[in-house]
Amino acid sequence: MNDRFLPAPFGNQRSEIVAWLRGAGLDWLFVAKASFAILLTGWLAMRFSLEQPGTAMMTVAIVIHPQSGMVIAKSFYRTLGTLAGAVMALLIVAAFPQERAMFLLSMALWIGLCAGGASLYRNFKSYGFVLAGYTAAIIALPVVNQPQDVFQSAVMRVSEVTLGIFVAGVVSDALFPQRLGDVLRESVRSQFSSFIAFVRDSLRGALPRGDLERAHLRGVREVVQVETQLSSVVFEDAGVRQRSPRVRRLNHAFMAASTSYQSLHHLLNRLQDESHSRVLRRLMTLAGDLGEALGVPGSEPRMASQTGALAEGLAALRARQPARIASVREGLAERSDLLDFDTGAELLARIADELQDYTAAYAVLATPQAVRQSAAPLTPFVHANDWIGAALATLRGTVTMLATGAFWIATAWPEGAGMMLIATIFSCLMATVPDPLRAIRYMLFGYALGMLAALVCVYTVLVRMDGFELFAAGLLPFMLPGLYLRARPVMPGVGAGFMLAFLYTVAAQNPMKFDALHSLNNSLGQLMGIATAGVSFMVFSGVSDSPWLLRRLLRKLRLQLVRACSAPLPGLLARFESATRDVAAQIVAHTRSASDESRNMLAWSLSVQEAGRAVVELRTQLATADVPTSLHDCIDRALAALAALYAKPNRERYALTRNLVSTALDEAQAFPVLLGPLHLIRLALLDVGSLLANEFDVPPRLGEEIAHAA
Amino acid sequence: MPREIALFDALLPTLFLVFLASLLLQAAIDWLVGRFGFYRNVWHPPLFRLAVFVCVFCGLGLLVTR
């Protein structure tokens with residue numbers, strides 16, 4: 004981690020400088036492409052004599068993104084959203100042309116519903132919902148006094164928006180594209196090699212709890228990120244579209260391997276004290292074998308075509324593992340020791356299996372020709388949605404709109420429509436980001452800057468310019484900083500806010516209108532709008548600021564385990580894994596890193612994941628193995644108690660579940676296939692015990708509990 | 337062909353319908369070409385795709401407005 008501070012040979016620094024230059028070059032390439040696209044759109048819109056070329060230019064500024072797959076995905080959903088919004092605007096205006104209260108109410112409801120729908124998705128689909136909401140407002144609000152013009156307004160806005168989308172797509176895809184596919188390939192590649200290296204380096208000893216949680220966090224982020232990129236990359240080219248099932252398979256294999264690996268480390272951490280040293284020593288021997296099979300440091304394959312040695316090593320290990328385990332097992336006599344050892348050995352065997360799968364899935368990526376997919380259908384990545392969160396977003400959107408609408412009616416302020424529009428746009432857009440208040444602060448900062456820049460630009464520069472070339476030359480210097488900020492990851496939102504405010508305030512038209520009073524009034528309205536949106540986020544706080552919603556997320560996470568205990572088996576494991584990871588990722592996104600609650604949540608998510616996998620495996624084994632009814636009942640009781648414990652944890656249920664699992668362990672002695680998963684469940688339970696102990700401020704007595712439960 | 341077509345009494349330019357049709361046609365060609373891995377022999381696939389689209393649109397447009 005610290006090698007950055009060690010004296011490095013000159014060659015290293017040089018490659019760092021080259022890498023930095025390349026990054027900066029890409030940023031400026033993006034800036035050049037974006038300004039070209041914005042100006043080209045403005046020119047085309049004026050050429051086609053559209054009413055507000057400014058709207059088309061704003062669309063480009065919103066859609067454009069350094070990676071072309073992102074642009075096309077965003078554009079696709081944006082087009083759909085715009086069309087839906089236009090249809091809705093026509094309907095609402097047609098239904099209530101003269102009834103302002105009903106008009107505002109139905110508009111507010113529609114926008115609220117769209118904001119709610121947006122919060123259910125985590126990729127650009129959510130953006131489509133947002134667009135469907137505020138496009139309706141963009142179309143209907145300006146013509147509210149001349150309802151007969153609404154059709155013209157709808158046609159114009161839709162033409163402007165689609166023109167912007169089209170130009171942005173063509174420019175970013177055909178001119179020096181930065182392919183999202185390359186980014187995806189790179190992130191899959193680094194996921195693979197860093198996970199293999201992590202496993203190999205950490206097999207030497209027990210990992211401290213903090214490292215384990217960090218690794219878990221990273222895994223969660225990577226899996227969800229790959230899934231999100233995958234949903235955008237399908238728009239980029241057909242080749243990736245055909246390969247995407249393979250990437251999904253890789254992602255599933257990664258989830259499986261990393262969960263087993265975490266279970267192993269939990270076991271090893273529990274065996275750290277003196278009394279278990281015999282078991283620990285033997286397990287470490289086995290772990291050493293696995294570490295050797297993974298090769299020496301620095302040998303991890305970078306390319307998918309280089310995985311041959313790794314695959315061979317793992318296959319050889321799997322072939323000799325049973326005999327090896329049997330020989331290492333000799334000399335253990337005590338029942339608890341045997342149990343611990345068997346669990347550990349089984350986990351190690353499973354990790355080797357899953358690493359083999361993972362390697363194979365990775366190697367398949369290298370074969371160029373589309374191989375017929377294996378018959379097994381792949382369960383899709385399941386997102387776990389939060390309906391209450393969506394309802395809250397709906398309420399927030401509706402109330403914001405109604406409040407600004409009431410203010411508008413009460414004061415008859417001419418800029419009321421502008422205020423309402425901006426308030427709506429922001430309360431929709433920000434409903435889908437992790438920490439909305441912080442995002443609004445950044446956005447507001449960028450927005451104020453952009454507005455100032457626009458006023459300066461229009462009234463000192465543009466008034467002297469004549470013709471489109473000079474107009475473009477006058478705009479360009481003001482746009483560059485905003486676009487550059489968009490390309491950089493620092494201060495996300497400032498660049499976007501800047502561009503939005505700048506283009507909105509400039510409001511390019513042909514011929515340009517210069518009306519300082521109108522511009523200033525309009526700016527005032529916009530600022531009021533953003534302030535209203537900010538207030539609405541303070542009143543109806545998002546997940547990050549409300550302990551209640553956080554608790555709900557946690558509860559939802561635990562309910563995944565209840566589902567694992569009762570849902571039908573086929574495809575359950577994949578659904579369970581992806582849903583827990585999705586919830587865990589939401590938790591990660593919504594909690595401040597290293598806070599107490601995030602640590603608590605992560606501990607729960609680890610425990611849910613481990614227990615859930617074990618439960619699914621236990622149920623699968625039960626379904627196939629020939630087990631006497633008494634044992635079956637005993638295990639069913641234990642599972643029911645486990646589900647009840649996770650549904651609503653307290654100490655009595657904890658004690659009951661621990662006893663039942665312990666009994667089941669005793670009864671199942673004759674069925675080795677059941678022992679492994681049962682033992683894992685017991686391990687996960689001990690985790691729950693320590694969590695409960697934390698919550699109720701009772702010092703943990705884990706050592707004792709291990710002795711009792713075994 | 338007329339320059340504008342009345343769709344539910346809204347006048348649409350004929351070229352707009354041609355544009356939509358060429359989008360569909362291009363999507364079909366794109367799928368077919370991608371299916372057989374032809375894009376691996378192309379230097380700049382997006383540019384190629386754009387060029388195909390321009391050819392399709394111009395060809396159909398010229399045919400319709402002739």
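Protein chains in written order, with my numbering: chain B, 4 to 713; chain X, 337 to 402.
Glycine included, every Cβ here is placed at the ideal spot set by N, Cα and C.
This one's a predicted model, so the numbers in the text were calculated from it and none came from an experiment.
Rounded to whole angstroms, how far is the Cβ of residue i from the Cβ of residue j, which I believe are closer than 8 Å?
i, j, result
"R327 (chain B)", "D356 (chain B)", "Not really, about 15 Å apart at Cβ, beyond 8 Å."
"Q55 (chain B)", "Q512 (chain B)", "7 Å"
"L187 (chain B)", "V229 (chain B)", "7 Å"
"A64 (chain B)", "L506 (chain B)", "6 Å"
"A667 (chain B)", "R656 (chain B)", "Actually they are not in contact, since the Cβ atoms of A667 (chain B) and R656 (chain B) sit about 16 Å apart, beyond 8 Å."
"M61 (chain B)", "A139 (chain B)", "Rounded, the Cβ-Cβ distance is 17 Å, inconsistent with contact."
"L686 (chain B)", "S266 (chain B)", "7 Å"
"F132 (chain B)", "G84 (chain B)", "7 Å"
"V464 (chain B)", "F517 (chain B)", "With 8 Å as the limit, V464 (chain B) and F517 (chain B) do not qualify as a contact, their Cβ atoms being about 12 Å apart."
Note down, in chain order, each residue of its chain lying with its Cβ closer than 8 Å to the Cβ of residue i, except the 5 sequence neighbours on either side.
i, result
"V497 (chain B)", "Y445, M446, F448, G449, L452, L488"
"M433 (chain B)", "P439, A442, I443, M446, A536, F540"
"S52 (chain B)", "N513"
"A89 (chain B)", "T138, A139, I142, A157, R160, V161"
"S109 (chain B)", "I95, A98, F99"
"I391 (chain B)", "L552, R555"
Between which two residues does the alpha helix (DSSP H) containing residue i stretch?
i, result
"E337 (chain B)", "Per DSSP, E337 (chain B) belongs to no alpha helix (DSSP H) and is neither H nor E."
"A396 (chain B)", "390-414"
"S109 (chain B)", "103-121"
"N662 (chain B)", "654-670"
"M422 (chain B)", "419-432"
"T138 (chain B)", "127-143"
"H68 (chain B)", "H68 (chain B) -> no alpha helix (DSSP H), and no H or E assigned at all."
Apart from the five residues just before and just after residue i, which ones in its own chain have a Cβ nearer than 6 Å to its Cβ?
i, result
"L645 (chain B)", "T660"
"E340 (chain X)", "L347, P349"
"A567 (chain B)", "F579, G615, V618, V619"
"F501 (chain B)", "G449, L452, G453, G485"
"A59 (chain B)", "T44, A48, E163, L166, G167"
"A650 (chain B)", "V565"
"G294 (chain B)", "R203, L206"
From the beta carbon of residue i, is the nearest beta carbon of chain X less than 9 Å away?
i, result
"P248 (chain B)", "no"
"Q376 (chain B)", "Summary for Q376 (chain B): the model assigns pLDDT 44, below 50, so the residue's position carries little reliability, and this model does not support an answer."
"V367 (chain B)", "no"
"V173 (chain B)", "yes"
"A27 (chain B)", "no"
"D176 (chain B)", "yes"
"F154 (chain B)", "yes"
"V96 (chain B)", "no"
Give a yes or no on whether the minimum CB-CB distance between residue i and chain B is below 9 Å.
i, result
"R385 (chain X)", "yes"
"A346 (chain X)", "yes"
"L343 (chain X)", "no"
Label residue i either buried or exposed according to how many other C-beta atoms from any shown protein chain fall within 10 Å of its C-beta, with 16 as the threshold for buried.
i, result
"N254 (chain B)", "buried"
"P514 (chain B)", "exposed"
"L2 (chain B)", "In the structure as shown, chain B begins at 4 and stops at 713. Residue 2 (chain B) is therefore absent and cannot be evaluated."
"S78 (chain B)", "buried"
"C394 (chain X)", "exposed"
"D176 (chain B)", "buried"
"E19 (chain B)", "exposed"
"V66 (chain B)", "buried"
"C391 (chain X)", "exposed"
"Y462 (chain B)", "exposed"
"Q563 (chain B)", "buried"
"G334 (chain B)", "exposed"
"S38 (chain B)", "buried"
"F344 (chain B)", "buried"
"T401 (chain X)", "exposed"
"A336 (chain B)", "exposed"
Might you give, ordered along the chain, the residues of its own chain that have their beta carbon closer than 7 Å to the beta carbon of residue i, omitting 5 neighbours on each side?
i, result
"A378 (chain B)", "With a pLDDT of 37 at A378 (chain B), under the threshold of 50, the predicted position of this residue should be treated as unreliable, though the coordinate-derived value follows. Result list for A378 (chain B): empty, nothing under 7 Å."
"S430 (chain B)", "A118, R399, G400, T403, A536, S539"
"G408 (chain B)", "L107, A111, M423"
"K128 (chain B)", "Y80"
"P381 (chain X)", "Y375"
I want to verify the contact list: residues of chain D whose CB lies under 7 Å from the CB of residue i, in sequence order.
i, result
"P180 (chain B)", "The structure shown contains no chain D; its protein chains are B and X."
Would you mind reading off the limits of the beta strand (DSSP E) that contains residue i?
i, result
"L343 (chain X)", "340-343"
"F347 (chain X)", "For the record, residue 347 (chain X) in the displayed sequence is Leu; it is not Phe. Its beta strand (DSSP E) spans residues 346-349."
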